[in-house]
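Okay, structure first, notes after.
And the structure:
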């Protein structure tokens with residue numbers, strides 16, 4: 001991308017500060033390119049979300065509703081915080097949210113105010129309740145003059161008492177977030193100055209007489225494009241676009257060819273980027289809907305051409321003014337899911353689903369809405385029935401030049417629908433554009449904020465205060481040595497350290513030199529290392545020691561649950577704080593602290609070095625059910641899994657099959673406190689398992705009820721476990737599990753694409769079809785050496801279907 005001062009400024013705000021950003025700009029100013037630059041080059045831990053499935057796939061992220069598990073429909077203030085709608089969050093999802101540095105929201109113009117506040121509620125719940133977006137940096141990208149959020153009248157009737165408008169900038173979170181707004185100025189799509197002026201005036205609802213005259217010179221209601229012209233009609237309604245495409249396709253005398261999409265894994269139908277059954281004919285006008293993934297880069301998203309040949313696997317397209325035809329093969333769209341790498345603890349993207357289809361769509365017509373983000377050299381605009389904010393601007397701005405534009409109806413002020421609220425907001429963006437001075441000040445503040453965060457004990461105040469309140473309100477039902485230790489934790493630990501922390505923060509702000517960043521200041525570094533030593537000792541003596549001394553029990557389940565929740569929350573925060581302080585004894589560096597901050601959250605999930613005692617029971621499904629119970633309790637009570645029972649204890653329960661509290665107490669690791677808290681639910685799971693598997697009170701299983709070993713592997717695979725996890729669970733090799741699952745390929749119980757990537761599957765099929773062989777051994781000798789015996793066997797089994 002050519003040098004662009006606004007883009008460089010925005011990039012530096014992301015990398016060097018914690019300021020929340022709104023990046024906007026006219027159509028064709030490189031917003032999507034900027035997103036990909038951040039994704040590829042920033043060192044911050046991030047996720048990318050978008051309001052719709054197609055937008056998420058295009059941004060190579062996930063939908064907002066999917067990642068944050070939002071309810072559909074209006075989201076009222078504190079609705080998520082005060083309900084149990086987020087209980088289904090997995091431990092991995094919670095850890096990802098807690099460890100995030102950056103959340104990127106693409107197509108922010110489509111995000112309603114209540115949805116952005118919903119994101120804020122979730123981030124506060126799992127990251128930091130006292131900071132907007134939980135303290136994570138949020139980057140919002142979009143053009144408010146383009147797609148607008150959808151809100152039905154009945155939904156707005158609920159939301160209007162909370163919000164001035166439906167737009168994201170009316171949200172409580174945005175107003176609190178101290179957002180820096182940067183407008184990208186350089187237009188890459190259009191070069192003609194007259195056309196750029198016209199687009200700006202349409203965008204701002206002030207089309208001048210001069211511009212209107214120039215624009216409407218393109219008005220030609222009788223225009224009819226020929227087969228080779230390469231024009232596409234942009235219209236307002238789906239019905240109109242489909243009518244044009246079907247009518248033109250039916251005029252072609254050649255036979256129809258159909259291409260079925262190949263869908264593997266998880267891929268929501270609403271997010272399919274193309275037709276699941278694509279109909280094409282030789283002579284059809286088509287549009288590429290994806291950039292060419294090959295090194296040749298022969299086509300781009302929005303390029304128009306004519307189909308000249310169709311085979312079983314390929315479609316050949318001839319584009320105007322080009323000599324070479326384009327032989328088009330299937331392209332893949334991936335559906336990603338965010339997970340955490342077990343070894344590096346980095347956030348990684350896992351492909352959980354794939355959609356493969358010819359990247360072409362009939363292109364005599366397309367809706368203006370679907371044209372969002374596309375570029376056309378020649379377009380016929382039919383905007384007479386514009387019904388929504390920004391439609392006319394989106395349609396016109398798809399074109400690269402005035403010369404390639406034809407208007408079916410003249411453009412008048414009636415066709416330009418813009419929201420005055422948006423115009424006012426955009427004016428404020430232009431007036432408050434930041435400069436290098438703001439960037440430098442924000443960078444210094446960012447570093448000071450990180451230092452202050454390390455020594456911040458404010459998050460400890462709520463759980464410690466709640467524990468004291470619960471005790472005094474329920475003194476008769478809480479037994480144990482509790483209140484003196486809690487008072488020490490709060491007064492001598494939390495409150496005392498909050499005062500020192502606040503004083504230290506003020507000192508650093510005063511001594512921070514104007515032109516020197518804190519990480520480069522020897523004076524600040526010296527004070528920092530001394531502060532780490534002080535806070536570490538005080539935390540150990542006045543919080544850790546008294547917390548470890550506390551023992552409690554209660555016969556009141558509600559009181560016990562409330563007390564345990566706050567106790568575990570305090571314990572978790574303490575573990576994170578001690579981890580971070582211990583890792584920062586050598587001084588302060590931004591990148592080092594960001595890594596430590598993430599690891600502090602994730603260190604509880606690090607694999608234990610202790611050798612696990614494996615269950616001797618033949619059926620590991622009980623272990624799976626007990627693990628599910630533990631996850632449910634852990635998420636509901638927001639505690640670490642080992643605090644409920646350890647892996648060693650889990651396997652011991654699978655061996656012993658305790659049926660009473662007395663028997664459960666004998667299991668290693670299940671003391672009185674744990675049995676009191678969780679015994680009833682654990683015994684219920686074990687009892688149900690025994691009933692389902694015909695196990696009597698003497699722990700003997702009926703021989704006739706024993707499941708085939710292959711069936712057990714299949715059930716575990718269907719429950720979501722990987723081959724590696726199943727092998728570990730069953731104390732078998734991964735090869736044995738693969739063999740079990742392969743036996744279910746011919747019946748269709750297992751899809752081969754769940755076991756072998758689509759690309760490799762195609763490669764194997766192609767090579768199998770090219771050689772003759774009598775057996776698997778002979779086949780192995782004739783194909784690529786990288787293919788394993790098991791992979792070849794699986795493909796051969798799939799061909800039996």
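Residue numbers (UniProt numbering): 1 to 801.
A virtual CB, placed ideally from N, CA and C, is assigned to each residue, including glycine.
Note that this is a predicted model, so its numbers are computed, not measured.
For residue 359, the CB contacts under 6 Å within the same chain, skipping 5 residues up- and downstream, are 288, 289, 290 and 331 in chain order. Under DSSP, residue 364 takes part in no beta bridge, so it has no partner. For residue 301, the secondary structure class from DSSP, reduced to helix, strand or coil, is coil.
Cβ neighbours of residue 750 within its own chain (closer than 8 Å, five residues either side excluded): 714, 717, 741, 742 and 744. Cβ neighbours of residue 683 within its own chain (closer than 8 Å, five residues either side excluded): 658, 659, 660, 661 and 664.
With the rule of 3 Cβ pairs closer than 8 Å, the segment 92–106 counts as touching the segment 133–152. If you draw a straight line from the Cα of residue 286 to the Cα of residue 232, it comes to about 9 Å. Bridge partners of residue 36 according to DSSP: none are assigned. For the options 63, 474, 125 and 311, the alpha carbon positioned closest to that of residue 110 is the one of 63. For the set 545, 579 and 463, the Cα lying nearest the Cα of residue 602 is the one of 579. In the DSSP assignment, residue 334 forms a beta bridge with 354.
Judged by DSSP in its simplified three-state form, residue 319 adopts coil rather than helix or strand. With fewer than 16 neighbouring CB atoms inside 10 Å of its own CB, residue 555 falls in the exposed class. Residue 285: member of the beta strand (DSSP E) spanning 285–288, first to last residue.
Apart from the 5 residues on each side of it in sequence, residue 421 sits with its Cβ closer than 6 Å to the Cβ of 165 in its chain, given in chain order. If you ignore the 5 residues before and after residue 192, its C-beta comes within less than 7 Å of the C-beta of 401 and 402, all in its own chain and listed in chain order. The continuous alpha helix (DSSP H) containing residue 795 extends over residues 789–798. A distance below 8 Å separates the beta carbons of residue 11 and residue 38. Residue range 647–656 is occupied by the alpha helix (DSSP H) that includes residue 649.
At a Cβ-Cβ threshold of 8 Å, residue 61 and residue 49 count as neighbours.
By the Cβ-count criterion, residue 511 is exposed, with fewer than 16 other Cβ atoms from all chains shown falling within 10 Å of its own Cβ.
According to DSSP, residue pairing for residue 137 in a beta bridge involves 102.
The DSSP-derived three-state label of residue 257 is strand.
Exclusion of the five residues before and after residue 211 leaves 197, 198 and 201 as the residues of its chain whose Cβ lies within less than 7 Å of its Cβ. Collapsing the DSSP output to three states places residue 265 in a strand. DSSP places residue 24 in no alpha helix (DSSP H) but in the uninterrupted beta strand (DSSP E) bounded by 21–25. Here residue 562 is buried, its C-beta having at least 16 other C-beta atoms within 10 Å. Residue 179 counts as buried, since at least 16 other C-beta atoms from the protein chains shown sit within 10 angstroms of its C-beta. Here residue 223 is exposed. Its C-beta has fewer than 16 other C-beta atoms within 10 Å.
Residue 46 sits in a strand when the DSSP states are folded into three classes.
For residue 724, the enclosing alpha helix (DSSP H) begins and ends at 723–730. The alpha-carbon separation between residue 277 and residue 596 amounts to approximately 49 Å.
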